[in-house]
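Visitor: One structure follows; several queries about it will come next.
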Amino acid sequence: MKFLGIDVSHYQKTIDWAKVAASGKRFAILKAMYEAQSHRKDETFEANYKGAGNYGIDRGVYIFIASASIADPVKDAKALLQHLDGRKLEYGIWLDLESDVLRAKGKEFIRNLCYIYAYHFTMAGYFVGIYCNRDWYLNVIHDDLKADFDFWIARYSGW
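Okay, so the sequence shown: first residue is 1405 according to the numbering used here, each after it adds one.
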């Protein structure tokens, strides 16, 4: 069975959740916070969390992992959990792995980093998945991660 969804952040500005629901989208993955350097909540997170929920759209969040996240992944994970404050996430937390800085660190480093994040998120009761594009999945993601996680793979037009 195929379910359609969207991912949203401050870049999309104000979302018309009635229109999203009417289009048949069943889930939304929301940006919850900026990368580790600030741990600032995304400006549209609260409105998007509430709006999606009001229209019966299941929710998840993503965390972009890049250069600043590498320095202290435990602090980064705990900051996201603090922002979430135990909220219900039907689609869990997705680790967004598309940073060139992260890619340069290599498969083993990325593998270990994902397990650090996953430990903290699963201990808090959340499902954890990995978001990346097709190139990352085929060329950068360690086989251990492919065996242990669900993947949300971006498919851009023409792929």
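C-beta: ideal position from N, C-alpha, C; glycine also.
Bear in mind that the values here come from a model prediction, so they are computed numbers and not experimental data.
Give a yes or no on whether the C-beta atoms belonging to tyrosine 1466 and tryptophan 1498 are separated by under 8 Å.
Guide: The residue given as residue 1466 occupies position 62 in the sequence shown. The residue given as residue 1498 occupies position 94 in the sequence shown. Yes, Cβ-Cβ distance for tyrosine 1466 and tryptophan 1498 is below 8 Å.
Visitor: Hey, would you say the C-beta of lysine 1509 is under 7 Å away from at least one heavy atom of the ligand GTP?
Guide: As for the ligand GTP, it is missing from this structure, which has no ligand bound.
Visitor: Drop a sphere of 10 angstroms on the beta-carbon of methionine 1527, count the other beta-carbons inside from all chains shown, and report buried for 16 or more, exposed for fewer.
Guide: Numbered from 1 along the sequence shown, position 123 holds the residue referred to as residue 1527. Classification of methionine 1527: exposed, given that the 10 Å Cβ count is below 16.
Visitor: Can you list, in chain order, the residues of its chain with a C-beta nearer than 7 Å to that of proline 1477? Leave out the 5 residues immediately preceding and following it.
Guide: Taking the sequence shown and counting its residues from 1, one reaches residue 1477 at position 73. Taken in chain order, the residues that qualify are Leu1517, Ile1520 and Tyr1521.
Visitor: Look at the alpha carbon of tryptophan 1556 and the alpha carbon of isoleucine 1545, and state the distance between them as a whole number of angstroms.
Guide: Here residue 1556 is taken as the residue at index 152 of the sequence shown, counted from 1. Here residue 1545 is taken as the residue at index 141 of the sequence shown, counted from 1. Near 13 Å, if we compare the C-alpha coordinates of isoleucine 1545 and tryptophan 1556.
Visitor: Rounded to a whole number of angstroms, what is the C-alpha to C-alpha distance between lysine 1417 and valine 1505?
Guide: Taking the sequence shown and counting its residues from 1, one reaches residue 1417 at position 13. Taking the sequence shown and counting its residues from 1, one reaches residue 1505 at position 101. C-alpha separation (whole angstroms): 28 Å.
Visitor: Is DSSP giving lysine 1445 helix, strand or coil here?
Guide: For the purposes of this step, residue 1445 is identified with residue 41 of the sequence shown, where counting begins at 1. Here lysine 1445 sits in strand by DSSP.
Visitor: Within the same chain, show all residues whose beta-carbon is closer than 6 Å to that of serine 1503, passing over the 5 residues directly before and after it, in chain order.
Guide: On the sequence shown, position 99 is the one that residue 1503 refers to. Excluding residues within five positions, the ones whose Cβ falls inside 6 Å are Ala1470.
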